[in-house]
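Numbering (this note's numbering), first residue to last: 458 to 739.
Positions of the beta carbon are idealized from the N, C-alpha and C atoms, including for glycine.
Working notes, beginning with the structure itself.
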């Protein structure tokens, strides 16, 4: 089983996690820029963080044969802090970097006017840089936040096929299923989805435009829950090809729209034959 985790925060994980992930079949990942748990008080702290996402973390991952990519944005929670607003001016320089495959995480935390403004501005950056966008749906008032996110995406004029709404669940997946956007699900203990619940959603909604991630970070989380979801799919009667589509080909298809995925020598097993969408693919 080959795995591409499309949303995991390795900055918060140990090097032992990279070793475990590689042994479990994780060959590629995307690390979205996010809130580190402690408020940042100046723009320089974001510069250092973004530099680590495009420098140090790819190096750490490479020691275990894992290809590391990232997304860059001012996250929704810190969009409310006026000390962080100047980060928006930094983003264009990072959105030109080779391993930056999307703008994100953007979207909502508390659905404030400040978040509205930053969300719209970052979707415009995604359009200007011809990149996908990773949208964080809020943990509270999730149905309202998901509908509001879809409205902002529509108003922005971005192609919905370039947008993934993440952290979806049973009450919100139906809102997104007919929108043309991608549907992201975090398999995360207690607060998000479980492997069995994910299998039930796949049975009802199918495999198209679905991204399954671990979202592992500094909280109670597990970077191997993508593997556990694949195992649960097989136990429920899905085929090996179904699992490969969800855990490998779908994230390659979505982030491959950036033209910046570097997977040529790791995408060799299984049934995937779509290297033409990868930079340098044959």
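The closest CA to that of residue 503, considering only 608, 535, 615, 522, is found on 535. Around residue 475, the same chain offers 467, 517, 518, 520, 521, 523 as residues with beta carbons nearer than 8 angstroms, after the five sequence neighbours per side are excluded. Pairwise C-beta distances place the region 492-506 out of contact with the region 687-705, as fewer than three of them are shorter than 8 angstroms. Residue 507 and residue 554 have their C-alpha atoms roughly 11 angstroms apart.
Minimum Cα-Cα distance from residue 604 among the listed residues 631, 649, 582 corresponds to 631.
Secondary structure of residue 622 (DSSP, three-state): strand.
Setting aside the 5 residues that flank it on each side, residue 526 is surrounded in the same chain by 487, 556, 558, each with a C-beta closer than 6 angstroms to its C-beta; the list follows chain order. Secondary structure note for residue 536: it is in no alpha helix (DSSP H), with a DSSP letter that is neither H nor E. C-alpha of residue 615 to C-alpha of residue 530: approximately 17 angstroms in a straight line.
Boundaries of the beta strand (DSSP E) around residue 670: 667-670. The C-alpha of residue 658 is placed about 15 angstroms away from the C-alpha of residue 683. Rounded to whole angstroms, the gap between the alpha carbons of residue 584 and residue 594 is 20 angstroms. Cα atoms of residue 505 and residue 581: separation of roughly 24 angstroms, rounded to the nearest angstrom.
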